[in-house]
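Notes for the one structure printed next.
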Amino acid sequence: METCSLIIFIFLICLCFAYVFVILAFTYGWVRLEKFVLSDKEPKTKVSIIIPARNEEQNITDILYDLLKQSYPKNLFEIIVVDDFSTDNTKNLIKDFINSNPGLKIKLITTESGSPQISGKKQAIKTGLKNSSAELIVTTDADCRVSKNWLSTIIDFYEKKHPKMIVGPVCFLNDNKWFKKLQSLEFLSLIASGAGAIEIGLPIMCNGANLAYQKQAFDEVNGFETKNEFVSGDDVFLLLKIRKKWGSSAINFLKNSDAVAYTGAKKSFREFISQRIRWVSKSSGYTDFSITTTALVVYLFNLGLLAGFVFGLFYYELLPVVLIMFIVKLVIDLPILVGITKFVRRRKLLWNYLPLQIIYVIYI
268 METCSLIIFI
278 FLICLCFAYV
288 FVILAFTYGW
298 VRLEKFVLSD
308 KEPKTKVSII
318 IPARNEEQNI
328 TDILYDLLKQ
338 SYPKNLFEII
348 VVDDFSTDNT
358 KNLIKDFINS
368 NPGLKIKLIT
378 TESGSPQISG
388 KKQAIKTGLK
398 NSSAELIVTT
408 DADCRVSKNW
418 LSTIIDFYEK
428 KHPKMIVGPV
438 CFLNDNKWFK
448 KLQSLEFLSL
458 IASGAGAIEI
468 GLPIMCNGAN
478 LAYQKQAFDE
488 VNGFETKNEF
498 VSGDDVFLLL
508 KIRKKWGSSA
518 INFLKNSDAV
528 AYTGAKKSFR
538 EFISQRIRWV
548 SKSSGYTDFS
558 ITTTALVVYL
568 FNLGLLAGFV
578 FGLFYYELLP
588 VVLIMFIVKL
598 VIDLPILVGI
608 TKFVRRRKLL
618 WNYLPLQIIY
628 VIYI
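Its first residue numbered 268, the sequence shown is counted upward by one per residue in my numbering.
If you want it as structure tokens, here you go:
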């Protein structure tokens with residue numbers, strides 16, 4: 268074996284071991300994470316549900332009706348919808364809903380300061396928090412759907428464990444289009460990995476579409492006052508600040524199917540790529556070692572697979588190594604996906620597992 272191919276061979280083997288270690292750790296965390304069972308205990312916690320909304324006329328009434336049907340006592344929660352410079356009929360639809368449901372506590376406010384160009388979800392949530400006096404803050408998105416026991420499950424979990432932050436599961440709505448099925452499966456892998464990481468004491472991911480935290484904790488870590496150059500990404504930045512102040516045990520993942528928030532997958536490939544570019548643009552703000560190391564291992568492993576195949580066209584002895592790496596990836600990635608698809612009752616998504624693995628290596 269030539270020196271060049273030997274170096275590549277050793278590099279690929281090291282990447283393979285690192286990748287296996289990371290994925291096994293997340294899988295172990297997911298398997299160890301116990302399912303939470305909702306009790307019949309009478310709740311006491313006052314809650315503010317904050318929903319940022321910009322041009323959501325197609326979705327906003329759906330989430331509001333879901334919240335109207337919540338089993339949680341209506342005297343203990345309020346809904347704060349923050350209109351973030353909508354130019355469509357969003358505000359009027361919210362006003363009509365408020366007028367039609369006087370028994371539900373709903374506030375419609377507008378994002379403070381900024382402009383449509385420089386505002387964003389972070390500023391909208393900050394505005395909502397200023398208008399809340401509740402003990403617990405729960406955030407979701409205007410395009411989400413939740414079950415009737417969603418809030419009851421979150422609060423029951425909070426009152427039993429008293430974490431500073433609760434990370435809830437998020438899943439894409441069911442859709443028969445193949446592209447959306449691929450997105451769903453890939454997104455579920457991220458949710459399960461984030462949950463597993465939290466369980467092993469290494470919280471590195473969360474999603475603001477289903478997140479809860481103590482308002483006092485938010486204030487004590489100065490909320491979103493750092494990383495102001497990013498108009499989004501506030502959920503992970505807040506998670507890291509809470510972890511730094513109170514430790515990993517202050518952050519819990521809620522594993523209960525009633526606690527899932529459902530949202531839509533991207534409709535087009537362009538929208539999907541645009542979303543991923545936004546995610547990547549925030550990566551420079553993540554200085555945490557565990558996040559950067561995990562991301563680097565996953566990225567380099569997939570890059571190594573692709574590069575190894577290209578080099579294998581010139582150094583044929585590398586092709587068996589690349590094939591073994593791909594088989595290892597197929598085997599090691601599957602258990603956590605089996606677990607999360609069973610949890611959200613979407614086992615049929617696994618039929619898309621092989622094409623997703625091939626596409627993932629290329630696009631990541």
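Heads up, the beta-carbon is just placed ideally off N, CA and C, and yes, glycines get one too. Please read all numbers here as calculations on a predicted model, not as lab measurements.
Between A459 and I607 the beta-carbon gap is near 4 Å, inside 8 Å, which marks them as a contact.
Between S338 and K427, the C-beta spacing is not below 9 Å. Between I603 and F293 the beta-carbon gap is near 6 Å, inside 8 Å, which marks them as a contact. Selection T312, L279, I465, F504 evaluated against K389 yields F504 as nearest (Cα-Cα).
Counting along the chain, Q481 sits inside the beta strand (DSSP E) bounded by residues 477-481. Cβ-Cβ distances below 7 Å link K508 to V488 in the same chain, with the five nearest sequence neighbours on each side left out; the list follows chain order. For E345, the secondary structure class from DSSP, reduced to helix, strand or coil, is strand. Residue environment for Q450: buried (at least 16 other C-beta atoms within 10 angstroms of its C-beta).
By the beta-carbon neighbour count (other beta carbons within 10 angstroms, threshold 16), G395 is buried. In this structure, DSSP gives P319 an extended state, which the three-state scheme calls strand. Here I465 carries a helix assignment [DSSP, helix/strand/coil]. Bounds of any beta strand (DSSP E) do not take in F593; it lies within the alpha helix (DSSP H) bounded by 586-610. In the pairwise beta carbon analysis, the region 341-355 is classified as touching the region 313-324: at least three pairs are separated by under 8 Å. Looking at the DSSP output, A528 shares a beta bridge with V413, V437. In this structure, the straight-line span from the alpha carbon of N342 to that of I591 is close to 59 Å. Assignment of I629 by DSSP, reduced to helix, strand and coil, places it in the helix class.
F446 sits close to A532, with the two beta carbons spaced by under 9 Å. According to DSSP, residue pairing for L279 in a beta bridge does not occur. Just measuring C-alpha positions, the residue of S306, V289, V564, F364 sitting nearest N326 is F364.
Sixteen is the threshold: when 16 or more other Cβ atoms of the shown chains lie within 10 Å of the Cβ of W417, as they do, the residue is buried.
Boundaries of the beta strand (DSSP E) around K374: 373-377. Straight-line spacing of the CA atoms in A479 and I626 works out to 34 Å. In this structure, the CA atom of S419 is about 33 Å from the CA atom of S557. In the three-state reduction of the DSSP assignment, D442 falls in the coil class, being assigned neither a helical nor a strand state. C438 is the residue among T354, I404, E345, C438 whose C-alpha sits nearest the C-alpha of N523. Annotated as proximal: I465 and N519, with beta-carbon spacing under 9 Å. A Cβ-Cβ separation of about 6 Å places N398 in contact with I376 under the 8 Å criterion. The residues R412, Y529, T530, G531, A532, in chain order, have a CB closer than 8 Å to that of L440 in the same chain once the five nearest residues on each side in sequence are set aside. If you ignore the 5 residues before and after L335, its C-beta comes within less than 7 Å of the C-beta of N368, L371, all in its own chain and listed in chain order.
In the structure shown, I404 falls within a strand segment according to DSSP collapsed to helix, strand and coil.
Between T378 and G475 a beta carbon distance of about 15 Å is seen, past the 8 Å cut, so the two are scored as non-contacting. For V564, the closest alpha carbon among the candidates Y286, M472, L601 is that of Y286.
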